[in-house]
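Student: Numbering (the UniProt record's numbering), first residue to last: 1 to 401.
Ideal Cβ positions, reconstructed from N, Cα and C, are used throughout, including at glycine.
All values reported here derive from a predicted model rather than from experimental measurement.
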């Protein structure tokens with residue numbers, strides 16, 4: 001009897017639970033599960049990780065043409081790309097059209113085949129070296145802005161601030177380049193070659209304004225995402241540099257490049273006595289013609305003709321400025337970006353190291369192609385090649401592996 005009553009009570013309880021569950025499921029609209037909106041989550045995730053679309057289009061359409069101009073100077077020195085916009089007059093001002101030979105089927109057209117094995121007064125291989133090295137450096141300056149947008153870096157998030165150091169430095173670089181062109185506007189205007197540089201300045205200024213707007217917008221609390229802390233690798237703290245090996249390499253190699261490029265930009269023609277054969281390098285690259293040092297033989301013999309080489313001085317200083325910008329990127333990753341409690345320092349540095357590695361390889365290629373011509377002028381590029389190639393190897397090693 002007891003067992004029968006127990007079973008009867010159990011059956012009644014189960015019936016009551018089923019009925020109540022059915023009632024709440026069908027009659028109570030508050031308990032009905034609403035379907036989720038997956039598209040909204042995907043949009044929020046994309047906005048958190050990817051740079052704003054307006055910034056992407058701006059960099060593509062403004063830095064893209066500047067990157068092409070750098071490649072032009074690197075691979076087709078002297079070629080006129082947009083003559084109606086004043087490019088032909090600009091090439092005549094810089095005297096780059098001297099290296100563009102399109103006379104017959106054997107013409108070099110300012111390409112890599114224009115590099116000759118022996119330097120003479122007629123072929124001006126030192127001047128071609130400056131223009132091609134400057135074109136390579138200029139192309140990498142603008143590729144640095146394009147590469148993270150073309151190939152999104154692994155683990156990078158826009159709202160986490162991973163892109164801030166890169167585009168903050170790009171903003172400073174744009175302003176420096178625009179200022180440099182502005183300082184040469186009187187000379188360009190006297191040669192009726194100021195139209196094309198004004199267009200370049202316009203591209204740089206507009207892009208700088210867009211970069212500044214997005215960088216300021218990214219500093220607002222609504223646009224910031226704080227990532228969780230991670231376990232620190234051995235020997236690392238949140239205040240550590242991203243890589244000690246990269247920092248030491250940059251401290252040695254990039255410091256030397258900064259010294260030489262800084263001399264070319266701020267003190268052109270000044271001979272640094274502690275650098276072996278520096279006077280021969282300045283003579284080979286025509287620096288003693290456009291900027292003869294005070295009290296030198298060149299100033300006495302050719303001082304009145306220095307103004308005729310204003311185009312050579314322009315391309316030499318532009319090359320130096322682009323090299324200094326590349327050095328600034330490397331110093332930024334080596335000493336100013338911290339590892340961070342979330343490990344974001346490595347993400348920030350890797351997106352810069354990739355482009356800088358490509359840049360170092362392009363510089364190595366140029367110096368290797370001109371090594372024979374330089375050797376004929378008593379210049380040995382072997383140490384230069386080893387240093388820059390080693391730095392490029394270290395940057396590539398830590399950028400991709």
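#1: Residues in its own chain within less than 7 Å of residue 35 by CB, not counting five upstream and five downstream?
#2: Kindly indicate the opening and closing residues of the alpha helix (DSSP H) around residue 400.
#3: Give the range of the alpha helix (DSSP H) segment to which residue 353 is assigned.
#4: Excluding the five sequence neighbours on either side, which residues of its own chain have a C-beta within less than 8 Å of the C-beta of residue 385, listed in chain order?
#5: Within 10 Å of its beta-carbon, does residue 394 have 16 or more other beta-carbons around it, so buried, or fewer, so exposed?
#6: Under 8 Å: do the region 254-262 and the region 297-317 share three or more Cβ pairs, one atom per stretch?
#7: Given this structure, state the Cα-to-Cα distance separating residue 88 from residue 80, to the nearest angstrom.
#8: In the structure shown, what three-state DSSP assignment does residue 30 receive?
#9: Can you tell me which of the three DSSP states residue 416 falls into?
#10: Give me the DSSP bridge partner(s) of residue 338.
#11: Hey, residue 75 and residue 112: beta-carbon distance below 8 Å or not?
#12: Report buried or exposed for residue 229, applying the criterion of at least 16 other Cβ atoms within 10 angstroms of its Cβ.
#13: Excluding the 5 residues flanking residue 360 on each side, which residues of the same chain have their C-beta closer than 6 Å to its C-beta?
#14: Report all residues from its chain with a CB closer than 7 Å to the CB of residue 93; omit the five preceding and five following residues, and keep chain order.
#15: Starting from the Cα of residue 286, find the closest Cα among 204, 127, 142, 248 and give me that residue.
#16: Do residue 355 and residue 144 have their beta-carbon atoms positioned less than 8 Å apart in this structure?
#17: Going by DSSP in three states, residue 320 sits in which element: helix, strand or coil?
#18: Tell me whether the region 274-291 and the region 215-227 touch, counting them as touching only if at least three CB pairs, one residue from each stretch, are closer than 8 Å.
#19: Roughly how many angstroms lie between the CA atoms of residue 253 and residue 323, to the nearest whole one?
#20: Please return the same chain residues whose Cβ sits closer than 6 Å to the Cβ of residue 186, not counting the five positions on each side in sequence.
#21: Does the region 346-353 come close enough to the region 156-172 that 3 or more CB-CB pairs lie under 8 Å?
#22: Please look up how many angstroms separate the CB atoms of residue 119 and residue 376, rounded, as I've assumed it's under 8 Å.
#23: In its own chain, which residues sit with a C-beta less than 6 Å from the C-beta of residue 102, not counting the 5 before and 5 after it?
#24: For residue 97, which of helix, strand or coil comes out of DSSP?
#25: Can you find the residues in the same chain that come closer than 8 Å, C-beta to C-beta, to residue 265, ignoring five residues on each side of it along the sequence?
#26: With 16 other CB atoms within 10 Å as the buried threshold, where does residue 267 fall?
#27: For residue 154, count neighbouring Cβ atoms within 10 angstroms of its own Cβ and tell me buried if that reaches 16, exposed if not.
#28: In whole angstroms, what separates the C-alpha of residue 295 from that of residue 276?
#29: Let me know the secondary structure DSSP gives residue 174 once reduced to three states.
Tutor: Taking the structure as given:
#1: The count along the chain shown starts at 1 and reaches residue 35 at position 35. Unreliable positioning characterises residue 35 in this predicted model, as indicated by a pLDDT of 43, which lies under 50. The coordinate reading is nonetheless provided below. Answer for residue 35: no residue qualifies.
#2: In the chain shown, residue 400 corresponds to position 400, counting from 1. Segment 382-400, the alpha helix (DSSP H) holding residue 400.
#3: Here the question's residue 353 lines up with position 353 in the chain shown. Counting along the chain, the alpha helix (DSSP H) containing residue 353 begins and ends at 344-369.
#4: On the chain shown, residue 385 is found 385 positions in, with the first residue counted as 1. The residues are 364, 367, 368, 371.
#5: Residue 394 sits at position 394 when you count from the first residue of the chain shown. Result: buried.
#6: The answer is no - the region 297-317 does not touch the region 254-262, with fewer than three Cβ pairs under 8 Å.
#7: On the chain shown, position 88 is the one that residue 88 refers to. On the chain shown, position 80 is the one that residue 80 refers to. Between residue 88 and residue 80, the C-alpha separation is close to 6 Å.
#8: Residue numbering aside, residue 30 sits at position 30 when the chain shown is read from its first letter. The pLDDT assigned to residue 30 is 43, lower than 50, so where the model puts this residue is not dependable; a value taken from the coordinates is nonetheless given after this. Here residue 30 sits in helix by DSSP.
#9: Residue coverage of the chain in this structure runs from 1 to 401, which leaves residue 416 outside it and unanswerable.
#10: Mapped onto the chain shown, residue 338 falls at position 338. The partner list for residue 338 (beta bridge, DSSP) reads 241.
#11: Taking the first residue of the chain shown as 1, we reach residue 75 at position 75. Taking the first residue of the chain shown as 1, we reach residue 112 at position 112. Yes, these two residues count as a Cβ contact at 8 Å.
#12: Mapped onto the chain shown, residue 229 falls at position 229. Residue 229 comes out exposed.
#13: Start at 1 with the first residue of the chain shown, and residue 360 comes out as number 360. Only 388, 391, 392 meet the Cβ criterion.
#14: The count along the chain shown starts at 1 and reaches residue 93 at position 93. Cβ within range, chain order: 188, 191, 193, 311.
#15: The residue labelled residue 286 in the question sits at position 286 within the chain shown. Minimum Cα distance to residue 286 is reached at 127.
#16: Numbered from its first residue, the chain shown carries residue 144 at position 144. Numbered from its first residue, the chain shown carries residue 355 at position 355. Contact flag set, yes.
#17: Locating residue 320 in the chain shown gives position 320, counting from the first residue. It is helical.
#18: no
#19: Sequence index remark: in the chain shown, residue 253 carries index 253 (1-based). Sequence index remark: in the chain shown, residue 323 carries index 323 (1-based). Taking the straight line joining both Cα atoms gives about 13 Å.
#20: On the chain shown, residue 186 is found 186 positions in, with the first residue counted as 1. Within the same chain, residue 186 has no close Cβ partners at all.
#21: yes
#22: The residue you call residue 119 lines up with position 119 of the chain shown. The residue you call residue 376 lines up with position 376 of the chain shown. About 5 Å separates the two Cβ atoms, so the contact holds.
#23: Taking the first residue of the chain shown as position 1, residue 102 is located at position 102. Hits under 6 Å: 109.
#24: By 1-based counting over the chain shown, the position of residue 97 is 97. In this structure, DSSP gives residue 97 a helical state, which the three-state scheme calls helix.
#25: Along the chain shown, read from residue 1 onward, the residue named residue 265 stands at position 265. Same-chain partners within the cutoff: 317, 320, 321, 324.
#26: Translated into the one-based positions of the chain shown, residue 267 becomes position 267. So residue 267 counts as exposed.
#27: Indexing the chain shown from 1 puts residue 154 at position 154. That one is exposed.
#28: Within the chain shown, the letter at position 295 stands for residue 295. Within the chain shown, the letter at position 276 stands for residue 276. Cα to Cα, the separation comes out at about 21 Å.
#29: Locating residue 174 in the chain shown gives position 174, where the first residue counts as 1. Note: residue 174 maps to helix in three-state DSSP.
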